[in-house]
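Participant:
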Amino acid sequence: RPSGTSSTSKASASPATTNIGTATILRVGALSGTRRVALLRFPLLIGSGPGQIPPRSRITTASLFLNTVAVNAGVGNVFLHRVLRNWTELGSTWNTTDGSTPWSEGGASARDSDYHAEPDDPASILPTVNNATYRFNAASGVQVWADGNPNDGWLDVASGGNDTPPTNVSDFASDDHAT
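Here the sequence shown is numbered in the working numbering, starting from 8 and rising by one per residue.
1) Give a yes or no on whether the C-beta atoms belonging to SER166 and PHE86 are separated by under 9 Å.
2) Between SER16, ALA30, ASN137, THR25, which has its C-alpha nearest ASP183's C-alpha?
3) Residues in the same chain with beta-carbon distance under 8 Å from ILE124, minus the five sequence neighbours each way, listed in chain order, please.
4) Work out the CA separation of VAL82 and PHE179 for me, nearest whole Å.
5) Quick check: the Cα distance between SER55 and THR67, rounded to an integer number of angstroms?
6) If we count the other Cβ atoms within 10 Å of its Cβ and call it buried at 16 or more, is VAL176 buried or exposed?
7) Is it the case that the Cβ atoms of ALA145 and ALA45 are separated by a distance below 9 Å?
8) Measuring CB to CB, does ALA115 end up less than 9 Å from VAL90?
9) Counting only the same chain and skipping the five closest in sequence on each side, list residues whose C-beta sits under 7 Å from that of LEU38.
10) Tell me, which residues are paired with HIS88 by DSSP?
11) Taking the beta carbon of PRO134 as the centre, do at least 16 other beta carbons fall within 10 Å, making it buried, or is it exposed?
12) Would you check if the distance between the CB atom of SER181 and the CB atom of SER64 is smaller than 9 Å?
13) Could you give the C-beta distance for SER5 and GLY160, rounded to a whole number, given that I count them as a contact under 8 Å?
14) Using DSSP's beta-bridge definition, name the partner residues of THR140.
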């Protein structure tokens, strides 16, 4: 994993003012009326330093791999969307980006305000296996950042299909997970 990686989950009822940035899992989906989303960011991905992608590079392929810790039936497809607002791993909550600045909608869920409405990988993934690695095509988001736009990371959200909420959750390993 690249240095400087940040990740956190958000739960609509955890309470909504609690930061869970040091959690070892990223929980995505919904369970018992509580929606869950995950935020990931690789702020040192683009730059002129060793191991970084030089600014204004042409990105032909880029992948984001997430490892499942636990998968439950009913989570639905998981989509990767670019986040459009700055946030902090240890400050953000369901309600705020950094502990004080509010999201446009709770859970970073306002389309084209908190996150880019079109997913970076329109194919999405459907987690079905515990302890498995799933791949997102991340090239379009990395290209946007290489072109000089702010890198505020990605939002992982689950859908039950046709914009309906999922009925369960899947857990992915966070940057704080031992694997």
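By construction, the Cβ of each residue, glycine as well, lies at the ideal position given by its N, Cα and C atoms.
Facilitator: Inspection of the coordinates gives the following:
1) yes
2) Of SER16, ALA30, ASN137, THR25, the smallest CA-CA separation from ASP183 is found for ALA30.
3) Looking at the sequence itself, residue 124 is Ala, so the reference to Ile does not match. Once the five neighbours on either side are set aside, the close Cβ partners of ALA124 are HIS88, ARG118.
4) 12 Å
5) 19 Å
6) buried
7) ALA145 places its beta carbon 9 Å or farther from that of ALA45.
8) yes
9) ASN175, VAL176
10) LEU162
11) Under this definition PRO134 is a buried residue.
12) no
13) A question about residue 5 goes unanswered here, because the residues of the chain that appear run from 8 up to 186.
14) ASN74
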